[in-house]
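For the sequence shown, counting from 1, position 113 maps to 94 in this note's numbering; every step adds exactly one. Beta carbons are placed, not taken as given, at the ideal position from N, Cα and C, and that holds for glycine. Quick caveat: nothing in here was measured; it's all calculated off a predicted structure. Here the structure comes first, spelled out in structure tokens, and everything after it is commentary.
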Amino acid sequence: MVTRFLREKHIAYVKSLDTRRDELEYWLSEHLRVSGIYWGVCALELMGARDALPRDEMIAYVKSCEHADGGFGAHPGHDAHILYTLSAIQILALQDALDEIDADLHAAYVCSLQDKATGAVRGDRDGDEFDTRFVYISMQALVLLGRFRDERHKFDIDAAVAYIALCRNYDGGFGMVPGAESHAGQIFTCLAALAIAGRLDEPGVVDRDLVCWWLSERQVPSGGLNGRPEKLPDTCYSWWVLSSLAILGRLDWIDKNKLREFILDAQDDEAGGIADRKGDVADVWHTHFGIAGLSLLGFDDLAPIDPVFCLPVSLVQNIRSRNKK
Ligand code: FPP
Ligand code: ZN
-18 MVTRFLREKH IAYVKSLDTR RDELEYWLSE HLRVSGIYWG VCALELMGAR DALPRDEMIA
42 YVKSCEHADG GFGAHPGHDA HILYTLSAIQ ILALQDALDE IDADLHAAYV CSLQDKATGA
102 VRGDRDGDEF DTRFVYISMQ ALVLLGRFRD ERHKFDIDAA VAYIALCRNY DGGFGMVPGA
162 ESHAGQIFTC LAALAIAGRL DEPGVVDRDL VCWWLSERQV PSGGLNGRPE KLPDTCYSWW
222 VLSSLAILGR LDWIDKNKLR EFILDAQDDE AGGIADRKGD VADVWHTHFG IAGLSLLGFD
282 DLAPIDPVFC LPVSLVQNIR SRNKK
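In structure tokens form, the structure reads like this:
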């Protein structure tokens, strides 16, 4: 059983991802490359290793995924999608390089994805996939770009809140679309979107006791958290469940020490990185969300993370004060 946080190994693991370009796994992950960089860079930042990856190369790569009519793809030549657009903007924010892009161009792209009749947000211009993830992503992207509640960009916050309310279920949770089952990942995106909009207390939307009960029921005897009833525990839910409880001020509704044990036991004690659970292969997604969970729990001397933005608290404070000016 691994009981110590392996900081140096995880820093080396994230750095190694950048140098493994000859491996099949690297090419197989091309469809989500920009998001992979956000997970890696954010994890490094939480571990106090900001300079571990080459900054200029990273910024140039992100900009090579940019589209002239707004948005970013996952990799150069890939279509723009809101998932990668947020990741690209988060990376630039983490590198203090947001002035390298045209904020109005990308804010216009984000706003163009909202269906003003329902408030829902689609993932890309050509598709018809709607998902509460995209509502949250568009709001976070607009805040980072300094274009939330901006006269020039028409994002309908009231309609977005009404759409989230429609996605609420009888058990207090939220799903991907209206009528879809509650899922911890979607609960996070809906609560975080409401938090950004300042509407967590919207009448009839968030039943704090009920949803926190549902979230705290996600902890299984091993200490890990699952995303839905009857599912296996998974390190990434240390973020989706925990950040939701943190947004509602109820982090103490789960056993923090047991969750830490579960996350630490999922570490690869040779090559570094964290897996979804003990015995599985580590990947950068679970490494990032495991570390983000430990940060929210206040363990292992990690930089504090903001539960709404999934970015370091210090960065979110800077962005907020910049936006007030
Ligand atoms: C579960 O993923 C997680 C979700 C459905 C929420 C994902 C949310 C985003 C991508 C929005 C952006 C998030 C941040 C933090 C900026 P899964 O079920 O595919 O994961 P798994 O297979 O490991 O369980
Ligand atoms: Zn997972």
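| Check | Outcome |
| --- | --- |
| Would you call the CB atoms of R133 and D85 closer than 9 Å? | yes |
| Assign M(-18) to one of two classes, buried (16 or more other C-beta atoms within 10 Å of its C-beta) or exposed (fewer than that). | exposed |
| Going by DSSP in three states, E162 sits in which element: helix, strand or coil? | coil |
| Along the chain, where does the alpha helix (DSSP H) containing N150 start, and where does it finish? | Careful: N150 lies outside any alpha helix (DSSP H) and carries neither H nor E. |
| Hey, which unbroken runs of the alpha helix (DSSP H) at 4 residues or more fall wholly within the region -18 to 16? | -12 to -2 and 5 to 9 |
| Tell me whether D215 counts as near the ligand NAD, meaning its Cβ is closer than 8 Å to at least one heavy atom of that ligand. | Ligands in the displayed structure: the ligand FPP and the ligand ZN; the ligand NAD is not one of them. |
| Compute the Euclidean distance between the alpha carbons of I138 and R1, then round it to the nearest angstrom. | 42 Å |
| Ignore the nearest five residues each way along the sequence and tell me which others in L240's own chain have a CB closer than 8 Å to its CB. | Q200, G204, G205, L206, S219, L223, G274 and L278 |
| Can you give me the start and stop residues for the alpha helix (DSSP H) that A88 sits inside? | A84 to S93 |
| For a test of your reading of the model: does the CB of I118 fall under 8 Å from any non-hydrogen atom of the ligand FPP? Yes or no. | yes |
| With a threshold of 8 Å (Cβ to nearest heavy atom), would W20 be considered close to the ligand ZN? | no |
| Look at V15 and H56 and say whether their C-beta atoms are less than 9 Å apart. | yes |
| Any idea if Y151 is buried or exposed, counting beta-carbon neighbours within 10 angstroms, 16 or more meaning buried? | exposed |
| Can you list, in chain order, the residues of its chain whose CB lies under 7 Å from that of D60, leaving out five sequence neighbours each side? | G54 and D105 |
| Going by Cα to Cα distance, which pick from L191, C193 and L172 is closest to E183? | L172 |
| Kindly indicate the opening and closing residues of the alpha helix (DSSP H) around E211. | No alpha helix (DSSP H) contains E211, which DSSP labels as neither H nor E. |
| Suppose the cutoff is 6 Å on Cβ atoms and the five residues either side in sequence are ignored; what does the same chain contact list for L25 look like? | V(-5) and A33 |
| Please determine whether the Cβ atom of T66 lies at a distance below 8 Å from any heavy atom of the ligand FPP. | no |
| I'd like to know if the region 139 to 147 and the region 94 to 102 are in contact, where contact means that at least 3 CB-CB pairs between them fall below 8 Å. | yes |
| According to DSSP, R106 sits in a beta bridge with which residue or residues? | Answer by DSSP bridge pairing: none, since R106 is not bridged. |
| Do the CB positions of L232 and V192 come within less than 9 Å of each other? | no |
| Between G253 and the ligand FPP, is there a pair consisting of the residue's CB and a ligand heavy atom that are separated by less than 8 Å? | no |
| Taking Cβ to Cβ, would you say Q95 is nearer than 9 Å to F155? | no |
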